[in-house]
Ligand SMILES: Cc1ncc(C[n+]2csc(CCOP(=O)(O)OP(=O)(O)O)c2C)c(N)n1
Ligand SMILES: Cc1ncc(C[n+]2csc(CCOP(=O)(O)OP(=O)(O)O)c2C)c(N)n1
Ligand SMILES: [Mg+2]
Ligand SMILES: [Mg+2]
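Spelled out as structure tokens, the structure:
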């Protein structure tokens, strides 16, 4: 995938770069539709949490980072992995539990890892990865490698003790972390209003003296812009930054979700704000892209996704003999 | 001990009531000096955390409550127990590890319990009792018994995840809890400035939409007044209230503390603000009490403390046969 | 007797408790509007209202701690921790408060609460969501641990848990929720500390609890085909543990296999094996064997996960080795 | 060889690592200005600066999680958790992240970190401050657990912990810090998974680790007076566990007693006893015995606490029963 070079200001994004943002969102949308299909066919098992509706958040944020900046996210991680450029085939293979998966079939949907792309993983214990972000940022600071950390989590994670401990530590030690909260108003089936004392999540950052903003998570360019602002703040050595992206998930929490807790009306409201349709028509009205070009993009994506499925299908299962591999580290030591 | 009746406004506190506040502070001071003496004599073992210098906080706060309001506190709990009227003899016996101790010698200094006085215990896991306060308050709400909860902890507890989880829950459920933070600027040997993103602790309550104030913890009447304000807020059904009492401990963290981390100068500064001398001279200038009366008070206290030691000394050790008693509940069930 | 699923049996007992005792309330993540991640409390919030069936923030430590406090304050909370995996975040509250308050207060305080949690692996949820750590809870003095296998167990043990005045960890293996079995309509208590002889036999004793009893049953059926009569024990509770029933069976069979989903090394199966050795050493014709989960974080891939879990075939092979 | 205390031996190894590898850093509560609650890191912050020896907030979960992340990011953190009691608040980070990252990332990530914690009871700290839970850590695949007894062990095992590329839980029994023993000045590694035959004997094998080795030694001395020669094993690490040395000793003595401070029921002693049964059943003249802590929250009163802890006299009595 073409990486966006030297991160221009949002208003200076080239035609190609803006089209690339659209392409990434379309890829994520299509990839997950296919994954859902494969889940129905029992090719994929376990939990499968789709990012559908929230694509602009991850795509906009990650596009504003350098390729070697670290990313840590939650179990709803397909979108972030694809936006970072992790190979679709190896992600699909992971969902299929194949030996060729990014995590060798050991992790599954919730635990995508690709350290070669500084994609440091999807985590399934709510807020459990926030402390890890502190450590990665501390290491980057000490090693003076200029890398920053993007740590993505949901509105439900905000009430966990680890959220509190991590934000306090990050602030005290001025750790270069962007805390990105994907506020889709629900933690599983629980409405944020019933469980959060302060529902404007970004305001919680005040308690840690961390600068914070609320952004329209359905707008990919706003996400890009805000994330760049945050990244500049970090790179200038001012410590962490907090972003609350307002978004909505168009599907259930996971494939198992009966969705008894929210009314379809609300869902329809949000569907009108679909980040892909919004951005697409924006680009069309700006004459950046037209009908046929979009069709072209979509057919390319169709090929990528089908190729990913084929690769996953044809890949070998992990060998049962490998069960005990990687319980302990087998590689080289990283110090010295 | 004479309980302060029907909690008048601070300016309406009678002569006797103000003298009682002084008496309680003097008792705590003397009781702990004696405990330190007994510790040196190895009559007391384990950890012993003295409240010396902070007496006004517990005495003022607890005097403003009703006798059946619940109190939960940390391991630095002698002062709170004495202020609540727990028998000095049974506290000393607990420190001695005797069968007549308030916790039958099983708890020691850090775990004083006297449920007959709604003194629900001292806890030794930092912030570990804050969640319990939520539950007690929830029970009080459901049982509509009008009782509120005072939950006391230190500035160091503020960075624990449980602090965050408890304050959020208390706010969302409007639980009648006074969160009283005894800010003595140090968690063991660690200066709050090095570990807390926001050192004005009361400001952290904003993140949970809990009203909060900072009070002079060396001034017993201010403590009384603020706590009464908080209690009124709770009893009116408005939910939790947060108090930050600025105070200082005149002794080490525990008897073991080498105190390498703070300079004596700072300590001397604070000693000038000794809550007992302050209040005493205030009462003297107001003519509420005079030299001989204070001497009288002190000799009475001397007797109480000596009697406590005698009781502890002469009390029997717990029987080794009782080792397995109370691992599981032996009493009646409280429902039905 | 009517046939009910394990889930329905739990629901029946929970409803009865909610109806019978207004001091009983349920709290946990997604137990209300969502209906419970395993649908055990589905519809309860509508029926009993949000004060009796409370949705909580995702804050495991305060959920459990709040339950403890509520129990101290005179209520009888039932806390659902969704799964045992998340209970690790509430571990300090369980170990340092729930289990110790009665003792360290010199018997002044008691904590009558039930903590329910789903446990077990087998549906490819990967390593962070596939723990079977009930053995850890069984290690804690002051705690009781119930591990129902049948719907009948689920109904009776849950009732007993609500009668108990101590903190009870109530384990529900996710593979069991949909399994059916006979359950009487009328309420009944199943005493803690009494194992069930689930299947009679004379040649070997297979000891399981919660989900692993099923592996024992399947193995026993296979063994029966070669004329080996295995006795299958369903422990029902780990703490208190009914060692007498175990030893009585071993005196008869002289051979025992303990089956457990949890990691083998340092797991609870070792406690059972050791107790048998301590109390029936001379009765043993062979060392007590263990068939347990592999000592690896649970992998996602189906073949790997199945290889990591105790299988009936593993039990059969081990039994053959003993006889 | 010079005599050093256990504490001094730890300090020597820690200083060497800080000097030798700039990627090594220490973090924990009160390890800097205060000097460490057990004075192990006293003076280090002055010597190495606040970037190498970092005081943290009282936030166990993020302390450990931050250590894990720092290890992922290329550093080699040594996290001090003050005591094992507080490690329960970081339990999720250890179980769900530290131990699993290598596996669930398919071998992409490793977590080279040392987590030090004081453990054990005996100084009347009451129930919340008197745990000996190293057996729980030993149960977790992906983790290693070092349990030094002598100052020599402390020095050598800590060096090895810093050589290891996996998370190592390093247990320091508080009763040992002031004990002295011979320790070479020059650096050396003590391999994990190799127990020490601390005292030779032929009549019975006494198996201990960390503080409990001392109880075994005292018991062995008493037994020697009645002509019973006890062999004392010092395990040094629980995971990996050197079962070969244990079995070799039992083949010689035909009797074994496992001694552990932790609660007996469901404790690690059961694992050792079971492994001996599994691997040396026919060598045993008597069931493997356990002398462990009483199954109670630790009481404060001295007599009660001593009654709750394994005593040499208990070991002696048990051995007499075996012979
Ligand atoms: C510690 C913990 N508690 C509970 C769960 C179960 N759980 C999985 S996702 C989820 C909701 C999280 O909501 P949010 O953080 O808003 O993320 P979203 O799914 O909305 O993207 C819950 C409760 C978990 N995985 N980890
Ligand atoms: C969870 C936990 N971590 C660490 C400790 C060790 N410890 C005991 S007291 C203390 C300092 C607490 O300071 P603060 O809350 O300010 O109370 P203070 O002693 O100043 O009154 C620490 C770190 C503990 N008891 N519990
Ligand atoms: Mg959400
Ligand atoms: Mg303090």
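Chains as they are written, first to last, in the numbering used here: chain A, -3 to 332; chain B, -3 to 332; chain C, 118 to 440; chain D, 118 to 440. Think of the CB as a built atom: it goes at the ideal place given N, C-alpha and C, for glycine as much as any other residue. Every value quoted in this text rests on a predicted model; they were computed, and no experiment measured them.
Should residue i be listed as close to ligand 2, given that the test is whether its C-beta is under 7 Å from any heavy atom?
i: residue 180(B); result: yes
i: residue 125(B); result: no
i: residue 146(D); result: yes
i: residue 378(B); result: Since the displayed chain B opens at -3 and closes at 332, residue 378(B) lies outside it and no answer follows.
Measuring from the CB of residue i, is there a heavy atom of ligand 4 at a distance below 7 Å?
i: residue 185(B); result: no
Is residue i near ligand 3, in the sense that its beta carbon is under 7 Å from a heavy atom of that ligand?
i: residue 151(A); result: yes
Closer than 7 Å: is that where the CB of residue i sits relative to any heavy atom of ligand 1?
i: residue 203(C); result: yes
i: residue 120(A); result: yes
i: residue 306(B); result: no
i: residue 175(C); result: yes
i: residue 70(A); result: yes
i: residue 249(A); result: yes
i: residue 234(C); result: no
i: residue 195(C); result: no
i: residue 192(C); result: no
Is the beta carbon of residue i less than 8 Å from the beta carbon of residue j?
i: residue 243(A); j: residue 179(A); result: yes
i: residue 14(A); j: residue 279(A); result: yes
i: residue 211(B); j: residue 236(B); result: no
i: residue 203(A); j: residue 194(B); result: yes
i: residue 405(C); j: residue 433(C); result: no
i: residue 328(C); j: residue 293(C); result: yes
i: residue 334(A); j: residue 316(A); result: Outside the displayed span of chain A (-3 to 332) sits residue 334(A), for which this structure offers no information.
Just confirm the distance between the C-beta atoms of residue i and residue j, as a whole number of angstroms; I'd bet it's less than 8 Å.
i: residue 202(C); j: residue 246(C); result: 5 Å
i: residue 231(D); j: residue 161(D); result: Contact flag wrong, Cβ pair sits at about 15 Å.
i: residue 123(C); j: residue 312(C); result: That belief does not hold up - the Cβ atoms of residue 123(C) and residue 312(C) are roughly 18 Å apart, past 8 Å.
i: residue 350(C); j: residue 363(C); result: 6 Å
i: residue 241(D); j: residue 104(B); result: 6 Å
i: residue 382(D); j: residue 412(D); result: 5 Å
i: residue 391(C); j: residue 387(D); result: 4 Å
i: residue 175(D); j: residue 152(B); result: 5 Å
i: residue 94(A); j: residue 308(A); result: 6 Å
i: residue 371(D); j: residue 402(D); result: 4 Å
Does residue i come out as helix, strand or coil in the three-state DSSP assignment?
i: residue 194(B); result: coil
i: residue 325(B); result: coil
i: residue 0(B); result: In this prediction, residue 0(B) scores a pLDDT of 42, lower than 50, which makes its location untrustworthy; the coordinate-derived value is nonetheless stated afterwards. In the structure shown, residue 0(B) sits in coil (DSSP, three-state: anything other than H, G, I, E or B).
i: residue 332(B); result: With a pLDDT of only 48 at residue 332(B), under the threshold of 50, the placement of this residue in the model should not be trusted, and no figure is reported.
i: residue 169(A); result: coil
i: residue 237(A); result: strand
i: residue 431(C); result: helix
i: residue 121(D); result: strand
i: residue 179(A); result: strand
i: residue 352(D); result: coil
i: residue 144(A); result: coil
i: residue 142(D); result: strand
i: residue 292(A); result: helix
i: residue 309(C); result: coil
i: residue 441(D); result: This structure gives no information on residue 441(D), because the portion of chain D shown stretches from 118 to 440.
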